[in-house]
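Here's the structure, in structure tokens; my notes come after.
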Amino acid sequence: MNETLPALSPNYATLRRHVFTEATEVHGKWPVEFQFRPARGDHRNLLVVFSSVGSRYGFGNALDSVQCHILRIRDHFDGGASYYVARDMDFSVSESVQSLISSFMERLGVSRDGVTLLGASKGGSAALYYGIRYDYKNIVASTPQYFLGSYSHGHGQLGDAVLGEGQPAENVEIMDSVMRDLLEKDTEFDRNIYVISSPGDDQYEQEVKHFLPALRSYENFNFLFVDSPTVRRHDEVVRQAMPSILSIVYALTEGVAPRWGDVRIGPGPEDEEKAAEHLDRLRRSDTALAVLTRAVAADGRLRLAGHAFLPGVSREGAKDEVKRLVLERRGRSWTFPLTSAKEIRLYREYFDEYVCAYEQGGFATPDDLDLTALPRGTYEASVIVSSPDEGIERRTRLIASRPVDARQALGDCELLVRGGGNGVKVTKRRILGDDTDGVRFSLEKSWQRDRTVHAEGVFFLPGRNADKKGHAHYYLVLQGRRGCFSFRRGRTPRPCTRTGAAGTSAPTPSATSPRPVTRGSTCPRFRPAGTGCTSR
């Protein structure tokens, strides 16, 4: 029996999702791009976040545990950054940003005392600028710049965007005076200000310390000095200080303002003698490191990159290391040279009680690495790391930092690299297999123009979907008197009503280009059988 039904109403659960949504609103002259996430539960304060150079929105997923409303504002005006202060020396940008913040305060019913401003580097300068200029009480600024003009000048696209074409000296001077003038004119000292810096950041001397005399006049000014040997660069301050930054944010957004004053956080300087003893003992221990971080199959070659080194360092100092890739199968092994690569942050990733630089701890396969002569089969991958000056040679299993699956066509074979935390395997197998029961294959359209051959038709296994990227891989294989040539094909979804159509175009094989790049498409409703089609 049919019944008259009421119209569908929006589902309340979908309206209360606590995720970031992205939007743009025009306030004054400028459209302002932002992300907003509503509060979880009864946490009604508002956290406003400004981004650093090179980041779209500040702090990424580090703020997932913050319970209050979060408004993240992007520094992107007319295609460029502005320091949230001036775009091409047009200072009306700040009025537009402030209007957006005020608009959210009104919508959410949040007073100025319920707003906390947060930023790092460029975003830290913005947090201080908006807090003082527009009278916000709670400010958290990590590694802010004081001389906005000098820092912008010559700093990639930031200089032209902020200072204008040619970055004239008079504009640099004007921007350099922005923070100084703002602090000199402020008369409201009842603020909760938290500044984070580190002696390991060269911007402490260049920028941060110039804030301190004026900021110490505020009633609740707090300076957190991150003293850790793992802080050696500007962007590492906020990473090391993140627990402290979050604890401040948690408190401020719940209406509590910590009073810490001047504090040092972190373990402080290392004991050089104990560090040398530990790292020397680690160097002499029977261990080595080999981690695959990147595998790319392209242009008929397989490129691997990652980290490989002998942990620790001898008391005699760092020594050059030689690295080799080993592929083993059934008691036989094949060895290939690896090149060392500079890595600037391995001391943080592989920190073991004391800092060790590992500046040449990266590895990469050389461009001329050729696995054509490698027999077919599956191989266990390992890496040999040796230090000739120390008489050390060690081999360890190669593992992957995350699951990897890279493959490419190699003549009549397919070369695969697959693995994870338990190891990495390299497989070389025939690309042509036996006919699979039920496979559907038919050639519907083909043509040849100059040195390009196009083949299009149907190739799928009934009942198996291929609607997601990575579910299957297509190859076109041409086999004849001159040899076997294989072509990897990309897939582009194509709507169809009867069957799955697969097409490819490829240059015809020649002595100078045995494995050309190909293009093609396939219907997303089918998964192919996984073998190649053959033309004789």
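Counting in my numbering, the sequence shown tops out at residue 600, every number present.
For each residue, glycine too, the CB sits at the ideal point set by N, CA and C.
These numbers were taken from a predicted model, which means no experiment stands behind them.
{"query": "Please name the residue, chosen from G521, Y198, D514, that lies closest to S506 on a Cα-to-Cα basis.", "result": "G521"}
{"query": "Just the Cα atoms here: how many angstroms apart are P70 and I137?", "result": "41 Å"}
{"query": "With distances taken Cα to Cα, identify the nearest neighbour of P526 among Y148, L346, V503, L192.", "result": "V503"}
{"query": "Since K509 sits in a beta bridge, which residues does DSSP pair it with?", "result": "E520"}
{"query": "So who's on the other strand from P95, going by DSSP bridges?", "result": "V90"}
{"query": "Report the three-state DSSP secondary structure of P602 (helix, strand or coil).", "result": "One cannot answer for residue 602 here, as it falls past the ends of the chain, which runs 65 to 600."}
{"query": "Strictly by DSSP, which residues pair up with K489?", "result": "E444, R482"}
{"query": "Which same chain residues end up closer than 6 Å to Q209 when comparing Cβ atoms and leaving out the 5 residues on each side of it in sequence?", "result": "S189, Y215, E271"}
{"query": "Check D250 in the structure and name its three-state DSSP category.", "result": "coil"}
{"query": "Does the distance from the C-beta atom of P322 to that of I312 stay below 8 Å?", "result": "yes"}
{"query": "Cα separation between S262 and V295?", "result": "7 Å"}
{"query": "Can you tell me whether DSSP reads Y121 as helix, strand or coil?", "result": "coil"}
{"query": "Where are the alpha helix (DSSP H) runs, 4 residues long or more, that stay fully inside the region 156-197, in chain order?", "result": "157-172, 186-197"}
{"query": "Starting from the C-beta of N109, find all residues in its chain whose C-beta is less than 6 Å away, skip the five residues before and the five after it, and write them out in chain order.", "result": "C132, G178, T317"}
{"query": "Evaluate L396 with the Cβ neighbour count: other Cβ atoms within 10 Å of its Cβ, from every protein chain shown; 16 or more gives buried, anything less gives exposed.", "result": "It is worth fixing the name first, because residue 396 is Arg in this sequence and not Leu. By the neighbour-count rule (16 or more Cβ atoms within 10 Å), R396 is not buried but exposed."}
{"query": "Which of helix, strand or coil does DSSP assign to G544?", "result": "strand"}
{"query": "Helix, strand or coil for K387? Go by DSSP, reduced to three states.", "result": "strand"}
{"query": "Quickly, what does DSSP pair V640 with across the bridge? List them, please.", "result": "Outside the shown range of the chain (65 to 600) lies residue 640, about which nothing can therefore be said."}
{"query": "Can the beta-carbon of S129 be found closer than 8 Å to that of G122?", "result": "no"}
{"query": "Since V447 contacts L389 with CB under 8 Å, what's their CB separation in whole angstroms?", "result": "6 Å"}
{"query": "Is S206 closer than 8 Å to V117 when the C-beta atoms are compared?", "result": "no"}
{"query": "For A361, which residues does DSSP report across the bridge?", "result": "L366"}
{"query": "Nearest-angstrom Cα distance between T429 and S451?", "result": "19 Å"}
{"query": "How about the region 154-174 and the region 248-266: do they share at least three Cβ pairs that are nearer than 8 Å?", "result": "no"}
{"query": "Looking at Y443 and K489, is the spacing between their C-beta atoms short of 8 Å?", "result": "yes"}
{"query": "In chain order, what residues of the same chain have a beta carbon less than 7 Å from the beta carbon of S281, not counting five sequence neighbours either side?", "result": "F253"}
{"query": "Going by beta-carbon coordinates alone, are A145 and V226 separated by less than 8 Å?", "result": "yes"}
{"query": "Less than 8 Å between the CB atoms is what I'm expecting for K338 and N256, so what's the real figure, rounded?", "result": "Wrong, their Cβ atoms sit about 39 Å apart, outside the cutoff."}
{"query": "Distance check for H298 and V320, CA to CA, integer angstroms please.", "result": "29 Å"}
{"query": "Determine the extent of the alpha helix (DSSP H) in which P277 is found, giving its start and end residues.", "result": "276-279"}
{"query": "Taking just the CA atoms, how far does H274 sit from V468?", "result": "48 Å"}
{"query": "Helix, strand or coil for N66 per DSSP?", "result": "coil"}
{"query": "Mind checking whether V290 and I309 have CB atoms under 8 Å apart?", "result": "no"}
{"query": "So the alpha helix (DSSP H) E457 belongs to, where does it begin and stop?", "result": "Where E457 is concerned, there is no enclosing alpha helix (DSSP H), although the beta strand (DSSP E) it sits in stretches over 456-461."}
{"query": "Compare the C-alpha of E423 against each of D453, V377, R471 and name the closest.", "result": "V377"}
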